[in-house]
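Quick note: the sequence shown uses UniProt numbering, first residue 1, plus one each step.
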Amino acid sequence: MGVSTTGAAAAPGLSPPKTKTKINVCGHYILSSSNSLSFPAKPPRPSRFISIIRNTSDAAAPAPTTTTSDSEIEVPEGPPSLISALNVERALRGIPITDIDYYGELGIPKSCRSEEVITAAYKSKVDEILKQGVGEDEVNKKLEILKESYRVLSTAEERRLYDWSLSRSQNPDTYSWPFEVDDTVTAKGDPPPQEPEDFGPTRVLGYSFLAWLLLSIVMSIALNVS
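Here it is in structure tokens:
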């Protein structure tokens, strides 16, 4: 690194004049006043590091949570369905899927399959509970059980699973299929009359085959004779 100084010497008793110094620092020429040197400022760091820090802080920030009021939560209209993989497994093992006697709650026999009878029994039980004059909480609890009983017994699939569970829990050593315990009559009324079968095309096809057979025999005899 070379340093060169230009200018006259200072006179005695006078302040030294300002001189200019030229310094070669790694190829950069800097002009400065005497008794003070200035170096190039440190170059700023790339903005990439700043963006990385910002992204990191943004990622570390907790995600905002949205709170919903109780009025916005959807409440199911009725109790959950009995049809589930867990209940099927319990029925297979002979374990009751529920501790509620749906037939007993409605006061109908287990052989009852009539929707009219089930509906009438449900309405009668509701009126009976409302006339008891008990507390509101107890009334609501009994009404929920009645609604569940009516829903299960008035739905063919759920009633079939419930009856199957009763049969398996009462006779765990004897296996039975769900449709074996369901004695519901699926066909109501007389079946529709069937249309008479049309034998015309069958006769035409048979006569055509017979004529072709006779013609082939006649042609075979004629060829042999000639």
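Note that the Cβ used here is the ideal one computed from N, Cα and C, for glycine as well.
Query                                                                                                        : Result
Three-state secondary structure assigned by DSSP to Val88                                                    : helix
Backbone secondary structure at Arg136 - three-state DSSP                                                    : A small correction: the amino acid at residue 136 is Glu; Arg does not occupy that position in the sequence shown. DSSP places Glu136 in helix when its eight states are reduced to three.
Check whether Pro172 and Arg160 have beta carbons under 7 Å apart                                            : no
Member of Leu153, Asp137, Val204 and Ala211 whose CA lies at the smallest distance from the CA of Asp101     : Leu153
Same chain only: Cβ atoms within 7 Å of Ile118, ignoring 5 sequence neighbours per side                      : Leu106, Ile108, Cys112, Tyr150, Leu153 and Ser154
Three-state secondary structure assigned by DSSP to Leu213                                                   : helix
Proximity below 7 Å, CB of Asn87 to CB of Ile95                                                              : no
Separation of Asn140 from Leu130, as counted between CA atoms                                                : 10 Å
Distance between Arg203 and Ile217 (C-alpha atoms, nearest Å)                                                : 21 Å
Leu223 to Phe199 span [Cα, whole Å]                                                                          : 36 Å
Between the CA atoms of Ser84 and Arg90 - distance to the nearest angstrom                                   : 10 Å
Glu144, buried or exposed, once every other Cβ within 10 Å from all chains shown has been counted against 16 : exposed
Residue from Asp137, Asp163, Val134 and Pro201 whose Cα sits closest to the Cα of Tyr103                     : Asp163
Residue burial classification, Ala211 (beta-carbon count within 10 angstroms, cutoff 16)                     : exposed
Below-7 Å beta-carbon distance, Pro178 vs any chain C residue                                                : Looking for chain C here will not work: only one protein chain is present.
Between the CA atoms of Leu82 and Asp182 - distance to the nearest angstrom                                  : 16 Å
Boundaries of the alpha helix (DSSP H) in which Gly104 is found, first to last residue                       : Tyr102 to Leu106
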